[in-house]
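Asker: Okay, here's the structure, questions in a sec.
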Amino acid sequence: MEVMLTVEGLEKSFKDKKALKNISFDVRKGEIMAILGPNGAGKSTTIRNIMGIMYPDEGSITFHNHKGKGIPRNKIGYLPEERGLYKNVKVMDILLYLADLKDYPLHRAKERVLEYLKKFDLEGKENVSVEELSKGMGQKVQFIGAIIHEPELLILDEPFSGLDPVSQEIFKQEIRDLANNGTAILLSSHQMNLVEEMCDRLFMIQHGQKVIYGTLNDVKAEYANFKCTIHGDNQIRDMEGIPRVQRVEQESEHSILYLDKDVEPINWLKSLPNHLDVQELKINRTSLHEIFIDIATNKNLVQEEGESHA
Amino acid sequence: MRNSLKVAKWELKRNLKNKTFVIGLFLTPVIIIGFMIFGTLFGDSDESHEEELTHVFVNDQLGVFPQLQETIKQVGFNWELQETNLEQSEVEKKLEDREHTAYIFVQEQVLEQGNIPVYTSDEINPFFMNQVQVLESPLQAMQMAQLGFSEEEMAIVSQRFNFEDVRAESTPSTEESEAADEASSEDLLERIVPGAFAGFIMLSIVFTGMAIFQSASQEKKDKIAEIILSSLTPGELMQGKIFGYFILGLIQSVVSIAIVLPVLLWRIDVPVLEYLLVPDVILLVMIAILGYLLFAAVFVGVGATMADMTTAGNFQGMVMMLPFLPFIFISPVLSDPNGLMAQIGTYIPFTSPGVLLLRLSMLEEWPWVEIFISLAILVVSIWVFMKMAGKIFKVGILMYGKNATPKEIWRWLRA
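As given, the protein sequences belong to chains W and F, one line each in that order. Using UniProt numbering, you'd call the opening residue of the first sequence number 1 and step up by one each time. Using UniProt numbering, you'd call the opening residue of the second sequence number 1 and step up by one each time.
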């Protein structure tokens with residue numbers, strides 16, 4: 001896949017505090033690349049440096065489809081974390097202004113605005129003043145503003161924050177569609193469940209440093225051990241006795257068994273004792289969410305793994 | 001530059017579609033006219049004083065009373081002419097408790113000396129002494145008729161009679177000095193009109209420009225700055241705002257002038273247009289525009305440091321007052337347009353546009369050297385302030401939710 005954006009050795013300090021330390025990754029055409037991390041990890045700072053809103057102390061940012069210096073602003077769509085719209089203007093006016101700033105032909109922009117308003121369930125709102133929109137509607141309009149000019153690279157900083165589940169689904173679908181149509185997408189989030197379902201690759205950041213970087217599957221294979229969830233009336237002692245079980249969490253009839261890293265699921269299942277009461281059983285990897293929580297709360301396991309792979 | 005124009009266009013469109021702005025646009029000139037009419041209302045009440053009946057008593061020893069009466073009737077003064085036999089010595093006492101009363105003594109010696117004593121009460125139409133001059137012609141006519149002069153002789157004899165206000169405190173005014181006064185006041189008007197015009201343009205664009213303040217902080221309040229800055233540089237955004245509000249200011253000026261000027265032409269008897277269409281206006285308007293640019297740079301920079309208008313700190317509030325700084329210099333400049341204060345005001349960037357406009361309106365001879373030095377200072381300051389505003393704007397516009405302290409601003413400036 002064609003690489004659209006390369007970030008290499010990014011360093012940034014605020015006063016004496018180092019906000020970014022040696023951040024390197026790339027974003028490819030047609031993929032969704034996610035920057036994940038807890039609040040204050042440096043996600044927005046990284047993105048702001050890419051957008052030229054801040055300047056890095058060290059390191060380089062390369063836009064590969066762009067000759068000449070500077071940022072190809074017209075080819076990038078950007079939805080910042082802190083976002084809003086002018087209040088006392090009409091939806092259509094502000095969107096056309098944003099398109100105009102990107103040098104996008106206005107008649108095309110007009111068509112796209114109407115098309116997207118319809119898609120986002122905002123049909124007929126084009127002449128409504130921005131201040132009359134609900135927060136969710138405003139978010140949708142901002143999103144349309146970021147993609148109105150058909151960007152080659154779309155950068156979304158916390159696109160799902162403050163959205164209701166229905167809108168989240170719409171956004172997810174739209175972002176997926178854009179990627180499938182060849183847009184390179186870089187998004188940041190702390191909502192793991194959403195990202196887990198849609199991203200191709202991820203870059204996990206903590207305290208301004210890389211923790212994990214790779215494709216979702218690689219990351220899961222690398223860091224996410226299997227866990228087995230069993231519904232049934234069982235004694236916790238019995239389960240702790242099962243080989244290759246690290247720990248057990250039990251809540252009435254619901255038990256989660258965390259397994260060793262290199263467990264073969266089939267073989268492990270064969271080793272289950274016969275007297276176990278199994279109403280339901282499922283086996284899957286620990287979620288990105290759990291990995292993330294581990295990192296955010298500085299649980300040693302993943303941190304060590306991360307560093308040994310860094 | 002193209003991006004700046006887009007921003008300017010947007011600011012224009014946004015404001016012109018905004019009801020508040022449009023109402024303000026038309027309300028401003030209406031208020032100006034309102035004040036003018038308000039002013040003349042007071043003027044009118046003065047006039048009605050003037051129109052009060054003036055009792056004029058004539059001690060006529062020459063028998064010209066009917067002719068005088070005829071003349072007054074023709075001119076249409078609101079006088080009540082009466083004959084009297086009062087002696088000059090008794091007049092003062094008689095006038096003491098009277099208002100709008102005058103005594104004129106037309107006696108034998110008038111024909112020889114040409115001086116006619118006029119006694120007036122304390123309160124009298126201020127133009128009475130001018131009005132009374134119309135009585136000259138009937139007297140002259142009578143004098144000539146009496147003497148049976150030939151035309152040549154008449155020409156010789158047509159020397160003027162001088163009505164002398166004998167009251168001690170009043171200064172005698174001759175027609176000549178009055179004419180001179182009139183000429184000089186016309187001269188002054190000729191200079192003041194372009195100056196006032198430029199001053200008006202400056203005030204109106206500077207005041208409109210104060211909206212830049214709000215516009216810059218609004219950008220932060222609405223949290224749209226970062227979205228906009230993904231499409232253009234902070235410098236372009238800043239320039240666009242300055243230019244956009246400049247055009248808005250011009251629109252305000254044009255609308256105001258279009259509404260006020262006809263009223264002005266109708267109400268006052270000064271050939272305003274004739275005075276306006278002179279080359280001087282170009283320089284004056286240029287000074288006004290430079291003044292705008294300077295304040296715009298300051299406003300846009302400081303506006304970017306504020307979270308929103310309502311939380312403006314002391315520092316920001318002080319900056320808002322800058323355009324009013326020239327008012328300090330108004331009275332010293334008026335009393336001595338070439339004095340020390342006037343010169344100091346000329347060289348301080350924030351006051352120089354205002355003070356220059358004021359001085360150039362007052363002075364007959366323009367101090368070109370001072371003008372050039374002052375313009376040079378102004379241009380350099382604009383450049384410096386634009387640079388500084390650019391630095392502040394770049395950081396400030398992205399700082400959401402709090403006002404920048406002067407210390408922080410200082411750090412940005414040094415960055």
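Beta carbons are placed, not taken as given, at the ideal position from N, Cα and C, and that holds for glycine.
Which partner residues of GLY77 of chain W appear in the DSSP bridge assignment?
Answerer: According to DSSP, which records beta bridges pairwise, GLY77 of chain W is partnered with W:LEU154.
Asker: Give me the DSSP bridge partner(s) of residue 332 of chain W.
Answerer: In the structure as shown, chain W begins at 1 and stops at 310. Residue 332 of chain W is therefore absent and cannot be evaluated.
Asker: Let me know the secondary structure DSSP gives SER48 of chain F once reduced to three states.
Answerer: Confidence in SER48 of chain F is poor, its pLDDT being 47 and thus under 50, which makes the residue's placement unreliable; the coordinate value appears in the next sentence. In the structure shown, SER48 of chain F sits in a helix (DSSP, three-state: H, G or I).
Asker: Report all residues from its chain with a CB closer than 8 Å to the CB of LEU106 of chain W; omit the five preceding and five following residues, and keep chain order.
Answerer: Only LEU96, ALA99, ASP100 meet the Cβ criterion.
Asker: Name the DSSP bridge partner or partners of VAL64 of chain F?
Answerer: DSSP lists no partner for VAL64 of chain F.
Asker: Under 8 Å, Cβ to Cβ, is there at least one residue of chain W near GLU226 of chain F?
Answerer: Chain W contact via Cβ: present.
Asker: So with Cβ pairs under 8 Å, would you call LYS6 of chain F a contact of chain W?
Answerer: So yes, LYS6 of chain F belongs to the interface.
Asker: Can you pull the chain F residues whose beta carbon is under 7 Å from the beta carbon of PRO80 of chain W, in chain order?
Answerer: Result: GLU226, ILE227.
Asker: Quick one: is TYR86 of chain W near chain F, going by C-beta distance under 8 Å?
Answerer: Closer than 8 Å to some Cβ of chain F, the Cβ of TYR86 of chain W qualifies, so yes.
Asker: Between which two residues does the alpha helix (DSSP H) containing SER188 of chain W stretch?
Answerer: Counting along the chain, SER188 of chain W falls outside any alpha helix (DSSP H), though it belongs to the beta strand (DSSP E) covering 184-189.
Asker: Three or more C-beta pairs closer than 8 Å, one from the region 236-255 of chain F and one from the region 1-9 of chain F: is that the case here?
Answerer: Short answer: they touch.
Asker: At a Cβ threshold of 8 Å, is ARG83 of chain W touching chain F?
Answerer: Interface residue, yes.
Asker: Relative to the C-alpha of ARG14 of chain F, which candidate in F:PRO271, F:ILE212, F:ILE397 has its C-alpha closest?
Answerer: Checking every option, the nearest Cα to that of ARG14 of chain F belongs to F:ILE212.
Asker: Over the uninterrupted alpha helix (DSSP H) stretch that includes GLY303 of chain F, give me the two end residues.
Answerer: GLY303 of chain F -> alpha helix (DSSP H) spans 280-303.
Asker: Determine whether the Cβ of LEU106 of chain W lies closer than 8 Å to any Cβ atom of chain F.
Answerer: Not one chain F Cβ lies under 8 Å of LEU106 of chain W.
Asker: In terms of residues, what are the limits of the alpha helix (DSSP H) holding ASN130 of chain F?
Answerer: Segment 128-131, the alpha helix (DSSP H) holding ASN130 of chain F.
Asker: Run through chain F and tell me which residues come within less than 9 Å of MET51 of chain W, C-beta to C-beta.
Answerer: Result: GLU226, LEU229, SER230.
Asker: According to the Cβ coordinates, are MET160 of chain W and LEU133 of chain W closer than 8 Å?
Answerer: Here residue 160 of chain W is Phe; the residue named in the question, Met, does not match the sequence. Cβ atoms of PHE160 of chain W and LEU133 of chain W: not closer than 8 Å.
Asker: Taking Cβ positions only, does LEU398 of chain F come closer than 8 Å to chain W?
Answerer: True, the Cβ-Cβ gap to chain W drops below 8 Å.
Asker: Between which two residues does the alpha helix (DSSP H) harbouring LYS43 of chain W extend?
Answerer: Counting along the chain, the alpha helix (DSSP H) containing LYS43 of chain W begins and ends at 43-50.
Asker: Who are the near neighbours of residue 314 of chain W in its chain, counting only those whose CB is closer than 6 Å to its CB and skipping five residues on each side?
Answerer: Lying before the first or after the last residue shown, residue 314 of chain W is absent from chain W, which here runs from 1 to 310.
Asker: Use the C-beta contact count for ASP262 of chain W: other C-beta atoms within 10 angstroms, 16 or more gives buried, fewer gives exposed.
Answerer: Classification of ASP262 of chain W: exposed, given that the 10 Å Cβ count is below 16.
Asker: Let me know the secondary structure DSSP gives ASP103 of chain W once reduced to three states.
Answerer: Looking at ASP103 of chain W - three-state DSSP - the assignment turns out to be coil, as it is neither helix nor strand.
Asker: Candidates F:PHE128, F:VAL56, F:MET321: which alpha carbon is nearest PHE299 of chain F's?
Answerer: Looking at the Cα atoms, F:MET321 is the closest of the given residues.
Asker: Can you give me the start and stop residues for the alpha helix (DSSP H) that ALA146 of chain W sits inside?
Answerer: Per DSSP, ALA146 of chain W belongs to the alpha helix (DSSP H) from 135-147.
Asker: Between the region 125-140 of chain W and the region 178-187 of chain W, do at least 3 Cβ pairs fall closer than 8 Å?
Answerer: Judged by Cβ distances under 8 Å, the region 125-140 of chain W makes no contact with the region 178-187 of chain W, as fewer than three pairs qualify.
Asker: Per the contact definition of three or more C-beta pairs closer than 8 Å, is the region 155-173 of chain W in contact with the region 78-88 of chain W?
Answerer: Counting Cβ pairs under 8 Å, three or more are found: they touch.
Asker: Please list, in chain order, the residues of the region 192-219 of chain W that have any C-beta partner in chain F closer than 8 Å.
Answerer: Within the region 192-219 of chain W, no residue qualifies.
Asker: Select from F:VAL56, F:HIS100, F:ALA145, F:GLU90 the residue whose C-alpha is nearest the C-alpha of GLU80 of chain F.
Answerer: GLU80 of chain F has its Cα closest to that of F:VAL56, out of F:VAL56, F:HIS100, F:ALA145, F:GLU90.
Asker: Tell me whether the region 58-76 of chain F and the region 127-142 of chain F touch, counting them as touching only if at least three CB pairs, one residue from each stretch, are closer than 8 Å.
Answerer: With a cut-off of 8 Å, the region 127-142 of chain F and the region 58-76 of chain F count as touching, because enough Cβ pairs lie within range.
Asker: Per DSSP, what kind of secondary structure is THR174 of chain F in: helix, strand or coil?
Answerer: The pLDDT assigned to THR174 of chain F is 45, lower than 50, so where the model puts this residue is not dependable; a value taken from the coordinates is nonetheless given after this. DSSP places THR174 of chain F in coil when its eight states are reduced to three.
Asker: Under 8 Å: do the region 14-30 of chain F and the region 246-253 of chain F share three or more Cβ pairs, one atom per stretch?
Answerer: Yes, since at least three Cβ pairs between the region 14-30 of chain F and the region 246-253 of chain F fall closer than 8 Å, the two stretches touch.
Asker: Which same chain residues end up closer than 7 Å to ILE287 of chain F when comparing Cβ atoms and leaving out the 5 residues on each side of it in sequence?
Answerer: These residues qualify, in order along the chain: ALA198, PRO353, LEU356, LEU357.
Asker: State buried or exposed for SER4 of chain F, treating a residue as buried only when at least 16 other CB atoms are found within 10 Å of its CB.
Answerer: Buried: at least 16 other Cβ atoms inside 10 Å.
Asker: Which residues in chain F sit within 9 Å of TYR55 of chain W, going by Cβ to Cβ distance?
Answerer: Correct list: empty, because the minimum Cβ distance to chain F is about 10 Å.
Asker: Could you work out which residue in W:GLU123, W:THR215, W:LYS210 is closest to GLU197 of chain W when comparing CA atoms only?
Answerer: It is W:THR215 whose Cα lies nearest to the Cα of GLU197 of chain W.
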